[in-house]
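Numbering (the UniProt record's numbering), first residue to last: 1 to 393.
One structure is given here, and the rest of the page talks about it.
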């Protein structure tokens, strides 16, 4: 038997290279100063927009008991959750893959007696078992709003209008909001007596936007579904196509709700860019009504998504969840604070004044021979002199 010291010596004598301390698991990254600061500042700007519209901020925990986090609307994201055992209670816990189900829990429990409509906002990290919006993402940030209580086009429109305002504050160019009604295509298909295999094949064809396969599989419903496939695009055109079709009453009700929501959005944000895809049905499985996906010109990834769902206690709700990482890739680069070097012996009052004016001050911890060189070494572009500051050459 070897003692601990012998074991350590043996370990060092193996041919295995030492672990790289900078190596992280796939899908997890370090945000370095400029990116981390830009994300934090952008999220505070976004949350400020939400707060000015009466949305109160909440902060649910990253980790919850599995049977709580992944019940109700959380069941729809259960396959994306990491699980581990609580060493204290021996109960299984899960890392949240999405914050919306936690907001539903809070609304139904801690805030059950708060008058409706209930307006809540949040921001925080989530962890996914597999890639998120981008294939490599497993740790993602979310920032969003939830409106719980009313079930109306005006409530849907408020959520989207606030999203548009927030993205405008961040300076994201060319934003578009892609509206869908995920239940419309399944409701239309349910009107026909397809076999389960036929229904599955037809839904797969719609998901792939394969017009030829839809025409082959849909039978008597083929003309309507084909026309709806081709209608996807600007909201006015898509709604005109929907309005001109003869639809069963349950499907017509869904179409009318989509049209009413578009009208309510336009009334609040006349210049918003809206598109509609009448047969799109993908999204979080807990969505039950009008849904939205947010894109920006020149960006292939989603900036966010949201929609109508049934919260805990069967309360109607709608929300929008934005992706900070994606937003900041789409937004113009945010300038950092100008850094000012404060030489040793500088009046502390000057530093306080500069910080209130928005500068970042960097104190010398000891006298140096060449203050300008030290300032440049520490990333400063200005240096304190007298009762003011001067730019470094």
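Glycine included, each C-beta is placed from N, C-alpha and C at the ideal position.
* **Validate contact between the segment 80 to 92 and the segment 58 to 71 using beta carbons, cut 8 Å, 3 pairs** => yes
* Any idea if residue 159 is buried or exposed, counting beta-carbon neighbours within 10 angstroms, 16 or more meaning buried? -> The residue given as residue 159 occupies position 159 in the chain shown. Buried is the call here.
* Boundaries (first-last residue) of the alpha helix (DSSP H) holding residue 262 -> Looking up residue 262 in the chain shown gives position 262. 249 to 268 is the span of the alpha helix (DSSP H), which, as asked, contains residue 262.
* **Best match in 193, 104, 51 for proximity to residue 309 [C-alpha to C-alpha]** => In the chain shown, counting from the first residue as 1, residue 309 sits at position 309. Answer by Cα proximity: 104.
* At what residue ranges does the segment 156 to 193 contain a whole run of the alpha helix (DSSP H), taking only runs of 4 or more? -> 184 to 190
* By how many angstroms is the C-alpha of residue 337 removed from the C-alpha of residue 108? -> On the chain shown, position 108 is the one that residue 108 refers to. On the chain shown, position 337 is the one that residue 337 refers to. Straight-line Cα distance between these residues: approximately 42 Å.
* To do: Quick one: using the 10 Å Cβ neighbour count with 16 as the cut-off for buried, is residue 311 buried or exposed?
  => Taking the chain shown and counting its residues from 1, one reaches residue 311 at position 311. It counts as buried.
* Excluding the five sequence neighbours on either side, which residues of its own chain have a C-beta within less than 7 Å of the C-beta of residue 134, listed in chain order? -> By 1-based counting over the chain shown, the position of residue 134 is 134. Note that residue 134 scores 49 on pLDDT, short of 50, meaning its location in the model is unreliable and no value can be drawn from it.
* Asked: By the 10 Å Cβ neighbour count, where 16 or more other Cβ atoms means buried, how is residue 43 classified, buried or exposed?
  -> To locate residue 43, count along the chain shown from 1; it is residue 43. Buried, since its Cβ has 16 or more Cβ neighbours within 10 Å.
* By how many angstroms is the C-alpha of residue 151 removed from the C-alpha of residue 252? -> Taking the first residue of the chain shown as 1, we reach residue 252 at position 252. Taking the first residue of the chain shown as 1, we reach residue 151 at position 151. Residue 252 and residue 151: Cα-Cα distance of roughly 18 Å.
* Asked: Taking C-alpha atoms, which residue in 358, 17, 144 lies nearest to residue 59?
  -> Here the question's residue 59 lines up with position 59 in the chain shown. Residue 59 has its Cα closest to that of 144, out of 358, 17, 144.
* Measure from the alpha carbon of residue 385 to the alpha carbon of each residue in 354, 377, 78, then state which is nearest. => Within the chain shown, residue 385 is the residue found at index 385, counting from 1. If we check each option's Cα against that of residue 385, 354 comes out closest.
* Inter-residue spacing [alpha-carbon to alpha-carbon] between residue 5 and residue 322 -> The residue labelled residue 5 in the question sits at position 5 within the chain shown. The residue labelled residue 322 in the question sits at position 322 within the chain shown. Bear in mind that a pLDDT of 46 at residue 5, under 50, signals an unreliable position, so the model cannot answer this.
* **Start-end ranges of the alpha helix (DSSP H) lying completely within the segment 302 to 368, minimum 4 residues** => For the segment 302 to 368, whole alpha helix (DSSP H) runs of length 4 or above, ordered along the chain, are 324 to 330, 348 to 356.
* Asked: Per DSSP, residue 295 forms a beta bridge with which residues?
  -> The residue you call residue 295 lines up with position 295 of the chain shown. Paired residues: 176.
* **Short Cβ contact (8 Å threshold) for residue 276 with residue 258** => On the chain shown, position 276 is the one that residue 276 refers to. On the chain shown, position 258 is the one that residue 258 refers to. In contact: residue 276 and residue 258 (Cβ atoms closer than 8 Å).
* Return the residue from the list 331, 359, 383, 249 that minimises the CA-CA distance to residue 35. => Here residue 35 refers to the residue found at position 35 when the chain shown is read from its first residue. The alpha carbon of residue 35 has as its nearest neighbour, out of 331, 359, 383, 249, the alpha carbon of 331.
* Any heavy atom of the ligand MG closer than 7 Å to the Cβ of residue 155? -> What this structure holds is no ligand at all, so the ligand MG is not there to describe.
* Asked: In the structure shown, what three-state DSSP assignment does residue 27 receive?
  -> What you label residue 27 is simply residue 27 of the chain shown in a count that begins at 1. Three-state DSSP puts residue 27 in coil, outside helix and strand.
* Could you tell me the distance, in whole angstroms, from the CA atom of residue 280 to the CA atom of residue 265? => For the purposes of this step, residue 280 is identified with residue 280 of the chain shown, where counting begins at 1. For the purposes of this step, residue 265 is identified with residue 265 of the chain shown, where counting begins at 1. Distance between the alpha carbons of residue 280 and residue 265 is about 20 Å.
* Taking the C-alpha atoms as reference points, what is the distance between residue 271 and residue 359? -> Here residue 271 refers to the residue found at position 271 of the chain shown. Here residue 359 refers to the residue found at position 359 of the chain shown. Between residue 271 and residue 359, the C-alpha separation is close to 36 Å.
* Inter-stretch contact at 8 Å, needing at least 3 Cβ pairs: the segment 346 to 353 / the segment 183 to 197 -> no
* **Cβ-Cβ separation, residue 101 to residue 72 (assumed contact under 8 Å), whole Å** => In the chain shown, counting from the first residue as 1, residue 72 sits at position 72. In the chain shown, counting from the first residue as 1, residue 101 sits at position 101. Contact holds; Cβ gap of about 6 Å.
* Among the residues of its own chain, which have a CB less than 6 Å from the CB of residue 273, if the five just before and after it don't count? -> Working through the chain shown from its first residue, we reach residue 273 at position 273. The answer, listed in chain order, is 176.
* To do: Enumerate, from N- to C-terminal direction, the unbroken beta strand (DSSP E) stretches of 3 or more residues contained entirely within the segment 71 to 124.
  => 83 to 85, 92 to 95
* Select from 314, 364, 362, 306 the residue whose C-alpha is nearest the C-alpha of residue 146. => By one-based count along the chain shown, residue 146 stands at place 146. With distances taken between Cα atoms, residue 146 lies closest to 306.
* Taking residue 118 as the reference, give the member of 148, 138, 127, 126 with the closest Cα. => By one-based count along the chain shown, residue 118 stands at place 118. Checked all of 148, 138, 127, 126; the closest Cα to residue 118 is 148.
* Asked: Pick from 315, 371, 169: whose alpha carbon is nearest that of residue 341?
  -> Sequence index remark: in the chain shown, residue 341 carries index 341 (1-based). Residue 371 holds the alpha-carbon nearest to the alpha-carbon of residue 341 among 315, 371, 169.
* Run the CB neighbour count on residue 188, radius 10 Å, all protein chains shown included, and call it buried at 16 or more, exposed below. => As a working note, residue 188 is residue 188 in the chain shown. Looking at its Cβ environment, which holds 16 or more other Cβ atoms inside 10 Å, residue 188 is buried.
* To do: Tell me where the beta strand (DSSP E) around residue 67 begins and ends.
  => Residue mapping note: residue 67 aligns to position 67 of the chain shown, counting from 1. Residue 67: not part of any beta strand (DSSP E); member of the alpha helix (DSSP H) spanning 66 to 69, first to last residue.
* **Residues near residue 9 by beta carbon distance below 6 Å, same chain, minus five either side** => Position 9 of the chain shown, counted from the first residue, corresponds to residue 9. Here the model assigns residue 9 a pLDDT of 44, short of 50, so the residue's position is not dependable, and the following value carries that caveat. Excluding sequence neighbours, residue 9 sits near nothing in its chain.
* **Beta-carbon gap between residue 173 and residue 334 smaller than 8 Å** => Within the chain shown, numbered from 1, the residue matching residue 173 stands at position 173. Within the chain shown, numbered from 1, the residue matching residue 334 stands at position 334. For residue 173 and residue 334, no; Cβs fall outside 8 Å.
* Asked: By Cβ distance below 8 Å, which residues in the same chain neighbour residue 79 in space, the five residues on each side in sequence not counted?
  -> As a first step, residue 79 must be located in the chain shown, where it is residue number 79. The answer, listed in chain order, is 129.
* Asked: The beta strand (DSSP E) spanning residue 141 covers which residue range?
  -> In the chain shown, residue 141 corresponds to position 141, counting from 1. Note, residue 141: beta strand (DSSP E), 139 to 148.
* To do: Look up residue 275 in the DSSP assignment and say whether it is helix, strand or coil.
  => Within the chain shown, the letter at position 275 stands for residue 275. Correct three-state label for residue 275: strand.
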